[in-house]
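Numbering (the numbering used here), first residue to last: 100 to 213. Glycine is no exception: its CB is placed at the ideal position from the N, C-alpha and C atoms.
Here it is in structure tokens:
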């Protein structure tokens, strides 16, 4: 592996240059705290450039929904309180019509993602 100068790599990342495979491998070896500081700095720069320079002041969100079409599972994870077997009285599998209804509800609420 090629030795990579940390300061130069940091600068390339912060200005938005594409990194090489060697650069990525170098980052893989960095302490987690240093990666976090770099990621935070990159995010701050990206936000500062967005929304006409007001990115640091803007918070965005999306409306989405997780559709659990069934609670039947055969893995039996010991930590899971959600799953049921087909023998359990309260197991379910949603029909296509029920899933369509949930999608309609999502759309009516302004949802954009499942």
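Run the CB neighbour count on residue i, radius 10 Å, all protein chains shown included, and call it buried at 16 or more, exposed below.
{"i": "residue 108", "result": "buried"}
Identify, in the order they occur along the chain, each residue of the same chain with its Cβ nearer than 7 Å to the Cβ of residue i, setting aside the five sequence neighbours on each side.
{"i": "residue 122", "result": "103 and 108"}
{"i": "residue 162", "result": "208, 209, 210 and 211"}
Can you give me the Cβ contacts of residue i inside the same chain, cut-off strictly under 8 Å, excluding the 5 residues immediately before and after it?
{"i": "residue 147", "result": "154 and 155"}
{"i": "residue 179", "result": "172"}
Do you know whose CA, among the options, lies nearest residue i's CA?
{"i": "residue 130", "options": "105, 186 and 169", "result": "105"}
{"i": "residue 140", "options": "186, 115 and 128", "result": "115"}
{"i": "residue 166", "options": "195, 183, 176 and 118", "result": "195"}
Anyone know if the C-beta pair for residue i and residue j falls short of 8 Å?
{"i": "residue 192", "j": "residue 169", "result": "yes"}
{"i": "residue 198", "j": "residue 205", "result": "no"}
Are the C-beta of residue i and some C-beta of chain B separated by less than 8 Å?
{"i": "residue 122", "result": "In the displayed structure, chain B is absent; only one protein chain is listed."}
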